[in-house]
Each structure stands twice: as structure tokens, then as C-alpha cells.
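Q: Below you will find the structure I want to go over with you.
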């Protein structure tokens with residue numbers, strides 16, 4: 004079983020043209036952000 008402190012914290016912001024994915028490193032407190040455009044996702048379908 005996993006401890007809650009060891010699981011990554013991930014957030015997803017869904018907007019009209021851009022998706023933002025956030026990941027927080029619980030040990031370092033660092034937040035990483037990745038931006039993905041909706042057009043790029045639809046082009047891959």
C-alpha cells in the first residue's frame with residue numbers, strides 16, 4: 004500500500020485552447036507545468 008506522502012500531486016486545467024498539467028514534487032516543493040495546445044492533441048487523433 005502507498006503512503007499518501009509518497010504519491011505525486013497532479014493537477015489538470017482544461018481551457019478552450021490550452022491544457023495545463025501541473026505536477027508537484029512533495030519532497031522538493033517544486034511545481035512543474037506543462038502546456039499542451041488543444042489543436043496539437045486533435046491533430047494526433
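In my numbering, the protein residues as written are 4 to 48.
Each residue gets a CB set at the ideal place from its N, CA and C atoms; glycine is no exception.
With DSSP as the reference, label residue 45 as helix, strand or coil.
A: Within the chain shown, numbered from 1, the residue matching residue 45 stands at position 42. The answer is helix: DSSP assigns residue 45 an H, G or I state.
Q: How about residue 24 and residue 10: do their beta carbons lie closer than 7 angstroms?
A: In the chain shown, the residue the question calls residue 24 occupies position 21. In the chain shown, the residue the question calls residue 10 occupies position 7. Against a cut-off of 7 angstroms, the Cβ pair of residue 10 and residue 24 comes out as no contact.
Q: According to DSSP, is residue 14 part of a helix, a strand, or is it coil?
A: In the chain shown, the residue the question calls residue 14 occupies position 11. Residue state, collapsed to three classes: strand.
Q: So for residue 30, helix, strand or coil by DSSP?
A: Within the chain shown, the letter at position 27 stands for residue 30. Here residue 30 sits in coil by DSSP.
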